[in-house]
Amino acid sequence: MVSNGTQQGGSLSPFLFCRYIRDLLQEVAQSDIGCNVGGLTMNILAYADDIVLLAPAWRVMQALLVILEKHAAILNKL
0 MVSNGTQQGG SLSPFLFCRY IRDLLQEVAQ SDIGCNVGGL TMNILAYADD IVLLAPAWRV
60 MQALLVILEK HAAILNKL
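Okay, so the sequence shown: first residue is 0 according to numbering that gives the first Met the number 0, each after it adds one.
Here you go:
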């Protein structure tokens, strides 16, 4: 019995996770830093409780991690 949150593997889990971190996903995607793939900038992939950051160099990864750190601090206060 789940008394709080969603059940592991539940069909709502991916939707609720993406809703919870939507602002993070938006800011990273709009940062326009990351890997160039066919003329598009790819920098984040997210599904369920997984996040993958994509960067062509460690300095770019560091910039993405700074954004992630800022949002983690905000979410930690919720």
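We put the CB at the ideal spot given by N, CA and C, even for glycine. Being a predicted model, the structure only gives us computed values, none of them experimental.
- When DSSP assignments are scanned along the region 1–55, the uninterrupted stretches of alpha helix (DSSP H) that are 4 or more residues long and fall wholly within it turn out to be 12–19 and 21–29.
- Taking the Cα positions, V27 is about 15 Å away from D49.
- Note that the C-beta distance between I66 and L53 is not below 8 Å.
- The beta-carbon distance between I20 and A62, rounded to whole angstroms, is 18 Å. This is too long to meet the 8 Å contact definition.
- Counting every other CB atom within 10 Å of its CB across the protein chains shown gives L23 a total of 16 or more, marking it as buried.
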